[in-house]
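Everything on this sheet refers to the single structure shown next.
In our numbering, the protein residues as written are 207 to 691.
This is the structure:
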C-alpha cells in the first residue's frame, strides 16, 4: 500500500467513526458505500476475532509441551538437571511416568509423541482439557518461535553475522517485540494495525475494534486505540450515572452535563474535551446495555483468568449479534495471565507453581471454547498465546531464567489442529540451535506467526502484510499453515 492509499483509508476510517457517533450522518446517506470503498481490499464477510492471552513474565514452555518418546525425553531430562524429586529438588524435568494418557498427544504430521503438563498432586488433571482439544484438532502448537530480524543459525549468532533482536532476555524489550511483531523500533502493535485495516466494516464505530482487559501495545494501531474493559465489565464514574436522570445521583449527572455544556464555549480544547467525554458516556450506555443482555451459561473458573475470558465471551456474543446495537465484524482482544517469571518455585506443587498455572490455563481456555459453542462462534474466534520468552533448559537451583525461543498455542475451530508447526528443537545444552544454558535460537519468527493470524482476519495482500510486518520478507514463508482459511 502506498502512502496515498494509507492516508485515504485513515481519512475514511476517521470519517466513519465520526458518522457512527452521529456527528453528521444525516448529511451522508451513502455511509455504507464509503465504508465499502475503504474496505475494498479486505475479506470482511461474517465475524472474526483474535483473542491474545499474554503469559506475562516468560512462560517456561519446555514444561508446557514435552517430548514423550523415551529417547527425546531422556535428552530433555538431562538438560533440565534430572527429574524433579525430593532427592533432586533442583531438577526441572517432569517424570515420563506421570505423562499419562489424558495429557499425551501426537503430532499428526510427523507421528512424534509429546505430552502436556500433567499437573501436580494438588492439580492432578494438569492440562488434560487442552490435550483433548488438541486431539479434536481444535488446537495447535507453534514450536521454537520468537523475535528475529532474519533467520539465524548458531554460527551466525556466535559470529554476529546476522543482526540480533535488541536487548535479548529483557522483559520489557522482548514483550515489546512480541506486541510489535518486528525487531525494529515502532510505535504500533500488530493487532492494532490489523484492526486498522479490517475493522472499517464494524457497525457501531464508536466502539474500537481493539478491546483490552489489560494494558498493552499490541492492540494500538495508527487509527485504533484499545477500549478498556475489566473482568467485571465497564468502569463507570463513581457516584455519577452515565446520563442525567431522576435517580439518587441524577443531580450529580445533571451538574456534570452543565459543566460539559460550559466547556463547549470556552476554547477548542474545551470543546474537544466535552465532545470526547460525552461520546465516552454514550458508548458506556450502549455497551452496558448490550452486555446486560449478553450472557453465557458455561461455568468458568472463579479466578481472574476465567473472569476475563468470560467477559470476552459475553462481549463477542453481543458484538456479533446482527440484530444488536454493536454489529461488529472484526475484533481484537487482549488479556494478561500470570506471572510466569519463575526464577524460583517453578516446581512447587501448590497454587504458585508452574503446574498450577498450566492447569488454570487449560481449564479456563476449555471453558472459553465451550462458551463460544453456546452461540455458534467456535469457528469465528481464534485464541492464541504470546509470552516474552521461554526459559533456560537448565536449572538455577530452584527455577529457570530468561531465554529466547519457546512454544505458543493457537486454539479455535478454524485452526488446523492436532499438529506442531515450526521445528521442535533438540533439547541439549549448547546444542545445534541452543546456547550454553539451553536458550534456543528461534526457528520461527513472531512475524510469521502473527502474519498467519492476520491473513485469517482478512489481511491477505502481500504488500499489506509487509507493511505491518516489515521484516516478514526476510523469512521463507508468511503463512505457517495453522489456519484453515
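C-beta: ideal position from N, C-alpha, C; glycine also.
query                                                                                                                           : result
Beta-carbon gap between residue 646 and residue 605 smaller than 8 Å                                                            : no
Straight-line gap, residue 243 to residue 321 (C-alpha atoms, nearest Å)                                                        : Since pLDDT at residue 243 reaches only 49, below the 50 mark, its modelled position is unreliable, and no value is offered.
Where residue 560 falls: helix, strand or coil (DSSP)                                                                           : helix
Alpha-carbon to alpha-carbon, residue 390 and residue 372                                                                       : 9 Å
Sub-8 Å separation of residue 297 and residue 287 beta-carbons                                                                  : yes
Heavy atom of the ligand MN within 7 Å of residue 488 beta-carbon                                                               : By its list of ligands, the structure shown contains no ligand whatsoever, and the ligand MN lies outside what it can speak to.
Per-residue DSSP class, three states only, for residue 413                                                                      : coil
Identified DSSP bridge partners for residue 612                                                                                 : 351
Identity of the residues DSSP links to residue 311 by a beta bridge                                                             : 320
Coarse secondary structure for residue 672, derived from DSSP in three states                                                   : helix
Element boundaries [alpha helix (DSSP H), containing residue 281]                                                               : 276 to 285
Residue 400 vs residue 660 beta-carbon contact at 8 Å                                                                           : yes
Contact set for residue 352: own chain, Cβ-Cβ below 7 Å, skip 5 residues either direction                                       : 595, 610, 611, 612, 648, 652
Residue range of the beta strand (DSSP E) that includes residue 541                                                             : 536 to 543
Meets three-Cβ-pair contact criterion under 8 Å: the stretch 429 to 443 and the stretch 403 to 417                              : yes
Beta-carbon proximity check, residue 692 vs residue 662, cutoff 8 Å                                                             : Because the chain spans 207 through 691 in this model, residue 692 falls outside it and cannot be assessed.
Where residue 228 falls, given that 16 or more other Cβ within 10 Å makes a residue buried                                      : Caution is warranted here: a pLDDT of 38 is assigned to residue 228, below 50, making its placement in the model unreliable, and no coordinate value can be reported.
Exposed unless 16 or more other CB atoms sit within 10 angstroms - verdict on residue 542                                       : buried
CA-to-CA distance, residue 691 to residue 526, given in whole angstroms                                                         : 19 Å
Three-way DSSP call (helix, strand, coil) for residue 439 in this model                                                         : strand
Cβ pair count under 8 Å reaching 3, the stretch 622 to 633 against the stretch 342 to 357                                       : yes
Distance, residue 548 Cα to residue 382 Cα                                                                                      : 20 Å
Cut-off 6 Å between Cβ atoms - residues of its own chain near residue 540, not counting five sequence neighbours on either side : 258, 418, 422, 424, 425
Cβ contact (3+ pairs, closer than 8 Å) linking the stretch 400 to 414 and the stretch 531 to 538                                : yes
Counted within 10 angstroms of its Cβ, other Cβ atoms place residue 685 as buried (16 or more) or exposed                       : exposed
Exposure label - residue 388; buried when at least 16 CB within 10 Å                                                            : buried
Spatial neighbours of residue 318 in its chain, beta-carbon cut-off 6 Å, leaving aside the 5 residues before and after          : none
DSSP three-state assignment for residue 548, whether helix, strand or coil                                                      : coil
Cutoff 7 Å; reference residue 333; Cβ partners in own chain excluding five residues on either side                              : 309, 322, 323, 564, 565, 568
Spatial distance of residue 581 from residue 572 (CA atoms)                                                                     : 15 Å
Between the CA atoms of residue 555 and residue 171 - distance to the nearest angstrom                                          : One cannot answer for residue 171 here, as it falls past the ends of the chain, which runs 207 to 691.
From 274, 366, 495, 473, residue whose alpha carbon lies closest to that of residue 302                                         : 274
Cβ-Cβ separation, residue 621 to residue 344 (assumed contact under 8 Å), whole Å                                               : 6 Å
Assumed close pair residue 339, residue 413 - CB separation to whole angstroms, cut-off 8 Å                                     : Wrong, their Cβ atoms sit about 30 Å apart, outside the cutoff.
Extent of the continuous beta strand (DSSP E) to which residue 254 belongs                                                      : 254 to 261
Environment of residue 269 [buried if 16+ CB atoms lie within 10 Å]                                                             : buried
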